[in-house]
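Residue numbers (the UniProt record's numbering), protein chains in the order written: chain A, 1 to 404; chain B, 1 to 548. Virtual Cβ for every residue (Gly too), placed ideally from N, Cα, C. Worksheet: one structure, shown below.
If you want it as structure tokens, here you go:
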């Protein structure tokens, strides 16, 4: 009897569990093929004042991958782009649903493109929205463009089938040129929330660069997205741009720079040049606080390879390499000084994370200065010392020269 | 005609005709019952009679050890004239005339009938108050074959047969220990199936054998046709999808289990022997693990653990990701999956269920149908389910891959019963993850784990030594450690838990060290040598030192 009761009880519990599982009717389930996967999103100002225009680049999986699953380019449009306006970002996004036959799904978004005008008015609501929403990822790249963001979103760019993925890979591979900071939502939010630092964002712009295979006479007929330069923010408002040279200098402060290409004109013939590649570098900032004055010591130690010797009258390349060390160091120092100049004199904001360094070294002094840090930063003296070591000619032991 | 039950209680009488009557009343109508009358004492014209069941006996044995001695050596019988008809008569015949090795004197008809039905020969002699039950069993049996359900690459190729004696003999061949105990009993009111319980005295945990007997003896059933009957009647968790008793066709597996202190139950007429207590992890072990080197053994076992997780969770993981957590799929993969599903009209859950069922159908069909038709299933299966379904846009290619990998994985689990329970448990997991995503999957998976944790097999935790965790017993769980490291028996065993001597790890002799030593000692010897003379090589050959 006891056993039978236990069996009955177990059956009842099992029955309840099974039916409660089945009666949920697949709560919250949505099939992957019912989703419109956003690959890139652009934010522009709307037509009416106070509105925002959201442009979403959505992948069409059927054309991204062929019937057999292999990528097929050219059979159809791999992306579908739509834009909608609204008084807030969320409203605009919801308005997208008027046109989209599938549920707009944001988790695979690769890049957020912000128009310069929007950026100049302030990005705090963008930061809030994109970090609050659970479907959006903090590792999404954030960039600013002076062009219409919607234009950039619709540009077919890069080797990948989906332009958004191309832009993602552009960022991943950008360390080799080191011309723009790699800014994602997380770093943007961190810089915005930080007491010491102001945000910077990478700059993208369309450039007519692609050579069409069908009409190779028209060089550069198709625009491609270029990643180069930096947008500087004061709190949440964009205040200006940094040039490529200044961006080079900036990257030392905000990222770990290891690779650079340095081109030096030849001593005799200025139109010819040699090229060096930086392989490894150490960057150190040391704050000094004395008698109420803030000073910084910036030290760079770079290990450089000779990759292209274009100067014609080089007798011994090792001697040339020794001579070039100073020139290379000057060039690197010039870049760093230019960005310091831009930060201190032009924009008057600390986006170089120097305040953070200072706080770490002098926490007590920082507490007194925190309120007036931007002033102190402007007046701070920064000494830049660059040491360049050119010690490897890579594979060639002697300069390439005809012996005839 | 009297009732069979009453007849069985009859005692053997001195009147030959009475006894014959009794036997014939019970078994008379059977075509395979053979009765052979003969005269064993010409002078006095005394007759005897043998009964046996044709097909169960070896006629040669009857001829050699019963008929010949009794009819040809009548002269011998003269010696017993004085004892004739006396109480010692049967004993004398047994001792001096019959040459068979197994003879039992009985005085109950019951014993005779039982013996007859198990292949023994019954002999009644006129004027003798007892009958002879003579062991002449010998029937057609399958020879020892390679076990088909548990093949190995390296290891013994013999498997159990349907004959229980052959099976226990295979055990004796492997363990020549006086402590190996093989005890017999019969279960089944009608089948009277021979059951043998084997264990090693001193190794087995105290009380385990008694518990096994207690459970076996409480079985009341008309017939035992296979060890599965026994398994279901004595297991700890009859309602659980997990099997808590291992069955195997491999004698080496049983032998190793016995050495670990487990108990084996042999059942007549089946090659499957039960091993208990059993832990879940035993189902993921194959004999190969222990015969290949430990690197290979550990690798194979890791592969099997992966196969176990794949076959349990892969379809549900896929469904869960595709219909709930698309953000967790890498972008490129998400696009591929979405592209494949573009034309599929069903939700992923239904698609998975349909494919799983199709796979199970093919497996079952492949198992049941006559072998010559086998090709048809593989053609239809691979063509229709694999390709046509994808091309028709009914199933996504990713789903075919998922189901195929799951199927392959489930076959990588060495024990069929265990792979079956995993295969069944896949479905609730699939349903749950299709209904509630990760939440449902986690809930059902936790329920499964909790259930498995609550199981016991003859007093041993089903998931031990993983849970409860026993650090000392991890050498044979996920990895198969070298044999020279596994110097203890698992905790199932009784008091004697050391199974090998110390320092069993082999190593080449330390030649250099020894060489130096001997060279030194030789030099030392040589210094003393001028006086000692004979003791020159003393140091280098210590075993000679005594003689020199």
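Asked, Found
"Status (buried if at least 16 other CB within 10 Å, exposed otherwise) for residue 104 of chain A", "buried"
"Cβ contact check for the region 99-112 of chain B and the region 141-156 of chain B: 3 or more pairs under 8 Å", "no"
"Supposed close pair residue 60 of chain A, residue 78 of chain A - CB separation, criterion 8 Å", "6 Å"
"Within chain A, partners of residue 242 of chain B - CB distance below 8 Å", "By Cβ distance, chain A contributes nothing, its closest Cβ being about 15 Å from residue 242 of chain B, past 8 Å."
"Contact with chain B by residue 339 of chain A, beta-carbon distance below 7 Å", "no"
"Between the CA atoms of residue 483 of chain B and residue 173 of chain B - distance to the nearest angstrom", "22 Å"
"Segment limits, alpha helix (DSSP H) that includes residue 115 of chain B", "109-117"
"Beta-carbon neighbours of residue 323 of chain B, restricted to chain A and to distances below 8 Å", "26, 29, 30, 31 and 32"
"Which listed residue (B/489, B/270, B/211 and B/208) has its alpha carbon closest to that of residue 229 of chain B", "B/270"
"Cα-Cα separation between residue 316 of chain B and residue 359 of chain B, rounded to whole angstroms", "15 Å"
"Runs of beta strand (DSSP E) lying entirely within the region 201-289 of chain B, each at least 3 residues, in chain order", "246-248, 263-267 and 273-276"
"Own chain residues within Cβ distance below 7 Å of residue 361 of chain A, not counting five before or after", "287"
"Stretch pair the region 459-472 of chain B + the region 342-357 of chain B: three plus CB contacts closer than 8 Å", "no"
"At least 3 beta-carbon pairs within less than 8 Å: the region 5-22 of chain B vs the region 331-346 of chain A", "no"
"Host alpha helix (DSSP H) of residue 167 of chain B (start-end)", "164-174"
"Residue 244 of chain A beta carbon less than 7 Å from that of residue 263 of chain A", "no"
"Interface flag, residue 331 of chain B vs chain A, CB-CB below 7 Å", "yes"
"Where the beta strand (DSSP E) through residue 238 of chain A begins and ends", "237-242"
"Whole-angstrom distance between residue 202 of chain B and residue 361 of chain B, CA atom to CA atom", "48 Å"
"Assigned exposure category for residue 189 of chain B - 16 Cβ within 10 Å defines buried", "exposed"
"The alpha helix (DSSP H) enclosing residue 20 of chain B, as first and last residue numbers", "16-27"
"Distance cut-off 6 Å: residue 433 of chain B Cβ against heavy atoms of the ligand SAM", "Among the components of this structure there are no ligands whatsoever, and the ligand SAM is therefore not found."
"Cross-chain neighbours of residue 105 of chain A in chain B, by beta carbon under 9 Å", "326 and 327"
"Nearest-angstrom beta carbon gap, residue 43 of chain A and residue 112 of chain A [assumed within contact, 8 Å]", "7 Å"
"is_contact[residue 277 of chain B, chain A] using C-beta, thresh 7 Å", "no"
"Same chain only: Cβ atoms within 6 Å of residue 210 of chain A, ignoring 5 sequence neighbours per side", "222 and 224"
"Span of the beta strand (DSSP E), counted from its first residue to its last, around residue 51 of chain B", "46-53"
"Short CB-CB distance (under 7 Å) between residue 336 of chain B and chain A", "yes"
"Residue 377 of chain A burial status per 10 Å Cβ neighbour count (16 or more: buried)", "buried"
"Rounded distance between the beta-carbons of residue 300 of chain A and residue 250 of chain A, thought under 8 Å", "About 14 Å separates the two Cβ atoms, so there is no contact after all."
"Contact between the region 28-36 of chain B and the region 124-135 of chain B (3+ Cβ pairs under 8 Å)", "no"
"Chain A within 7 Å of residue 426 of chain B, Cβ atoms only", "no"
"Spatial distance of residue 298 of chain A from residue 253 of chain A (CA atoms)", "10 Å"
"Contacts that residue 239 of chain B makes with chain A (C-beta to C-beta distance below 8 Å)", "7 and 10"
"Beta carbon proximity, residue 590 of chain B to chain A, threshold 7 Å", "For chain B, the structure presents residues 1 to 548; residue 590 of chain B sits outside this window and is missing."
"Residue span of the alpha helix (DSSP H) that contains residue 309 of chain A, given as start and end", "No alpha helix (DSSP H) holds residue 309 of chain A; DSSP gives it neither H nor E."
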